[in-house]
Each structure stands twice: as structure tokens, then as C-alpha cells.
Amino acid sequence: MDSGDLMVWIRGPDGAFRPKKPAVRNRTPTGTVVGDFTGDGRADILVRDADGTPKLRTGRGDATFDDPRTAPVRR
Numbered sequence: 021m022d023s024g025d026l027m028v029w030i031r032g033p034d035g036a037f038r039p040k041k042p043a044v045r046n047r048t049p050t051g052t053v054v055g056d057f058t059g060d061g062r063a064d065i066l067v068r069d070a071d072g073t074p075k076l077r078t079g080r081g082d083a084t085f086d087d088p089r090t091a092p093v094r095r
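So for the sequence shown, this note's numbering puts the first residue at 21; every next one is plus one.
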């Protein structure tokens, strides 16, 4: 794990939290929001990179996420 990684922690059946693989690697995010941005009932991660570009990682529902894609921005 590097300092620029964003980790997803999963609660196990014993109640303890364990790290899953990094959801975002070496991106140096300047902002992070978790929510259902796609309307499918799964948690997604929206990250703003150091250059200000918003990247969306859509959740698969199993604590893994699709590759980042540039998120549309409405002004």
C-alpha cells in the first residue's frame, strides 16, 4: 500500500474490518466521495485527482470496482 492508495475495508462475519485491495492506486486524490452515482444500488467511488479531473469507479457489489473513467461534470 502506497500513500496515494485508497483502501476499501470489508467487515467480516466476526465484526472485524479487513482491508480489501486498493480501490484507487497512486492517484493522490484531493477529494473522495462514496455513494450510488449510477443508480444501481451499489456503492461507487468518485475521486478528484490532483489535477482536478473527476474519476468514477463504479462498484460491482462485491467490494471491487471497475477501472476509473472520467466522470461527467454538470455546471
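By construction, the Cβ of each residue, glycine as well, lies at the ideal position given by its N, Cα and C atoms.
- Coarse secondary structure for P39, derived from DSSP in three states: On the sequence shown, residue 39 is found 19 positions in, with the first residue counted as 1. Residue state, collapsed to three classes: strand.
- Query: Can you tell me whether V67 is buried or exposed, with buried defined as 16 or more other CB within 10 angstroms of its CB?
  - Reply: Reading the sequence shown from its first residue, position 47 is the one you call residue 67. Buried: at least 16 other Cβ atoms inside 10 Å.
- Message: Which same chain residues end up closer than 8 Å to D96 when comparing Cβ atoms and leaving out the 5 residues on each side of it in sequence?
- Response: Since the first residue of the chain shown is 21 and the last is 95, residue 96 is not available in this structure.
- Message: Please report the distance separating the alpha-carbon of A83 from that of P74.
- Response: Along the sequence shown, read from residue 1 onward, the residue named residue 83 stands at position 63. Along the sequence shown, read from residue 1 onward, the residue named residue 74 stands at position 54. When rounded, the distance between both Cα atoms is 21 Å.
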